[in-house]
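Following: one structure in structure tokens, then a few remarks.
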Amino acid sequence: MGPVSGDVDEARKRAYRYWYEDGLSEVAVGCLFILIALALGVQAILPAGSAAAFLSELAFPVVVIGGMWAARRLVNAAKERITYPRTGYVRYRRSGPRRRWLSALIGGGMGAIAAFLFAQGPASLAWLPLLQGLIVGAVLLYTGSRLDLLRFYASAALSVLMGAAITLGGAAHLIGSAAYFGGLGVMLAAMGAFTLRSYLRQTQPTSETGEG
Amino acid sequence: MTGDLRHLADVDRVLHEPARLLIVTILYTVEGADFLYLLRETGLTKGNLSSHLARLEGAGYVTIEKTFRGKVPLTICRLTENGRAAFRAYRDHLKQVVEKMPE
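Protein sequence lines correspond, in order, to chains A and B. Just so we're aligned, residue 112 is where the first sequence starts under my numbering, counting upward by one. Just so we're aligned, residue 3 is where the second sequence starts under my numbering, counting upward by one.
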């Protein structure tokens, strides 16, 4: 029998990490954040109370949900063409009810906090970038700790720093949020692109994936 | 051999082999994986991997589905429910054995 790479525990972690090995999901999330930043930027420049501003507010959730759907499809299509022919295909188990409840709780919590800030008035909305930085940072930190990936820890730290810097800079809430999502989006997309470049250099597509 | 250590011999010998344990551990973590992924993760040769997969399939722990992705042949391996149960039983059995080992 030839050498058996890695120990058993590491094999489990590597299976979870594999989804992030090519950097494609970070590129997709980065682009999604940039799209959100553009949508927020459009809202910020439109005259308050105008029909266009109202429509852009209505369109915002559609942009976010549509963007998430498109990002997922694009990542899967890119993996089919780039990743699976090089390093193989993995089908992951559907997340259990506990994780789905946790995601719903986080989403609901974010919505509740944002609604609370809106209700407090314009001055409270200035804290939104910091809040966004903390929440996104927490998600990145959790992902990093689960997968043992250093770049997620770095992204988490940058998310918090960016949110804090924008809030301290005193930008109006839409501009501040647009700056946060735009900045973090560019950073994540760049990190993902760098990871993809490394992945492409280290791997080659195989002509067949069948049994030997 | 003491009674407590005697049941060490009852270990599942299909799983109690490093390469097959590694394969099953990888498959336990995911819904399924193709041959290329397993080849890369285990570091085995194609022949070795095929042989171990055949043994696991013979024991009813793994299903091997040969399909195509476009024109590219694909071999998808999945752990059966028996395989998952066997892995859990093996893990629990080893924990008990290790706990009872003298220091």
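In this text, a Cβ means the ideal position worked out from N, Cα and C, and glycines have one as well. Predicted, not measured: the structure shown is a model, and the values here were computed from it.
Where the alpha helix (DSSP H) through residue i begins and ends
i          : result
Ile-2(B)   : As displayed, chain B neither begins before 3 nor continues past 105, which places residue 2(B) out of reach and without an answer.
Thr-278(A) : 261 to 280
Arg-257(A) : 239 to 258
Val-26(B)  : 20 to 31
Ser-309(A) : 284 to 313
Ile-193(A) : Unbroken run through Ile-193(A): none, as it is neither H nor E.
Glu-132(A) : No alpha helix (DSSP H) holds Glu-132(A); DSSP gives it neither H nor E.
Gly-160(A) : Segment: none, Gly-160(A) is in no alpha helix (DSSP H) and carries neither H nor E.
Arg-57(B)  : 48 to 60
Nearest residue (CA-CA) to residue i, options the options
i          : options                                        : result
Ala-139(A) : Thr-306(A), Ser-161(A), Leu-269(A), Ala-275(A) : Thr-306(A)
Val-153(A) : Gly-287(A), Gly-280(A), Arg-183(A)             : Gly-287(A)
Ile-193(A) : Ile-217(A), Asp-133(A), Gly-218(A)             : Asp-133(A)
Leu-242(A) : Gly-232(A), Ile-224(A), Gly-294(A)             : Ile-224(A)
Leu-239(A) : Gly-222(A), Arg-184(A), Leu-146(A)             : Gly-222(A)
Asp-190(B) : Lys-102(B), Phe-89(B), Met-103(B)              : The displayed coordinates of chain B run from 3 to 105. Any statement about residue 190(B) would go beyond what the structure contains.
Leu-41(B)  : Arg-125(A), Thr-198(A), Trp-180(A), Val-297(A) : Thr-198(A)
Ala-122(A) : Leu-17(B), Gly-45(B), Val-16(B)                : Gly-45(B)
Lys-70(B)  : Gly-178(A), Gln-231(A), Pro-196(A)             : Reading off the sequence shown, one finds Phe at residue 70(B), where the question assumed Lys. Of Gly-178(A), Gln-231(A), Pro-196(A), the residue nearest in Cα terms is Pro-196(A).
Ile-66(B)  : Leu-23(B), Glu-83(B), Ala-56(B)                : Ala-56(B)
Ser-309(A) : Leu-135(A), Arg-125(A), Pro-172(A)             : Leu-135(A)
Ile-217(A) : Gln-231(A), Leu-272(A), Tyr-253(A)             : Tyr-253(A)
Ala-249(A) : Arg-312(A), Pro-316(A), Val-271(A)             : Val-271(A)
Gly-34(B)  : Gly-232(A), Ala-162(A), Tyr-200(A)             : Tyr-200(A)
Leu-295(A) : Ala-164(A), Leu-279(A), Ala-268(A), Glu-191(A) : Ala-268(A)
Lys-124(A) : Ala-21(B), Leu-29(B), Gly-72(B), Gly-60(B)     : Leu-29(B)
Glu-19(B)  : Thr-31(B), Glu-101(B), His-54(B), Gly-62(B)    : His-54(B)
Val-16(B)  : Gly-60(B), Glu-83(B), Lys-68(B)                : Gly-60(B)
Distance between beta carbons of residue j and residue i, contact taken as under 8 angstroms
i          : j          : result
Ala-301(A) : Cys-142(A) : Contact doesn't hold; Cβ gap of about 11 angstroms is too wide.
Ala-290(A) : Ala-282(A) : 6 angstroms
Arg-262(A) : Tyr-127(A) : That pair is no contact at about 15 angstroms.
Ala-159(A) : Val-174(A) : 19 angstroms between Cβ atoms; not a contact.
Gly-293(A) : Ile-145(A) : 6 angstroms
Ile-78(B)  : Asp-12(B)  : With a Cβ gap of about 32 angstroms, Ile-78(B) and Asp-12(B) do not count as contacting.
Leu-81(B)  : Val-26(B)  : 7 angstroms
Ser-266(A) : Leu-285(A) : Incorrect: roughly 24 angstroms between the Cβ atoms, too far for contact.
Through-space distance from residue j to residue i, alpha-carbon basis
i          : j          : result
Ala-189(A) : Arg-202(A) : 15 angstroms
Val-64(B)  : Gly-85(B)  : 6 angstroms
Gly-117(A) : Asn-187(A) : In this predicted model, Gly-117(A) has a pLDDT of only 48, less than 50, meaning its place in the structure is not dependable enough to derive any value.
Leu-58(B)  : His-95(B)  : 19 angstroms
Gly-321(A) : Val-74(B)  : At Gly-321(A) the pLDDT is 48, less than 50, meaning the model places this residue with poor confidence; the figure from the coordinates comes in the next sentence. So the alpha carbons of these two residues sit roughly 8 angstroms apart.
Lys-97(B)  : Met-103(B) : 10 angstroms
Val-99(B)  : Trp-130(A) : 35 angstroms
Arg-205(A) : Arg-211(A) : 10 angstroms
Leu-166(A) : Leu-213(A) : 32 angstroms
Gly-303(A) : Glu-105(B) : 48 angstroms
Gly-140(B) : Leu-38(B)  : Given that chain B is displayed from residue 3 to residue 105, the structure contains no residue 140(B) and the question cannot be resolved.
Ala-230(A) : Asp-120(A) : 48 angstroms
Met-179(A) : Ile-147(A) : 10 angstroms
Arg-2(B)   : Thr-317(A) : Only positions 3 to 105 of chain B appear in the structure, and residue 2(B) is not among them; the question remains open.
Ala-91(B)  : Ala-182(A) : 40 angstroms
Where the beta strand (DSSP E) containing residue i begins and where it ends
i         : result
Arg-71(B) : 64 to 71
Ala-35(B) : 34 to 36
Cβ-heavy atom distance, residue i to the ligand ZN, below 8 angstroms
i         : result
Asp-12(B) : The model depicted lacks the ligand ZN and carries no ligand whatsoever.
Next on the checklist: Output needed in chain order: residues of the region 176 to 200 of chain A with a Cβ under 8 angstroms from some Cβ in chain B.
Outcome noted: Glu-191, Tyr-195, Pro-196, Thr-198, Gly-199, Tyr-200
Next on the checklist: Under 7 angstroms, CB to CB, which of the residues in the region 12 to 39 of chain B have a partner in chain A?
Outcome noted: Pro-20, Ala-21, Leu-23, Leu-24, Thr-27, Ile-28, Thr-31, Val-32, Glu-33, Gly-34, Ala-35, Asp-36, Phe-37, Leu-38, Tyr-39
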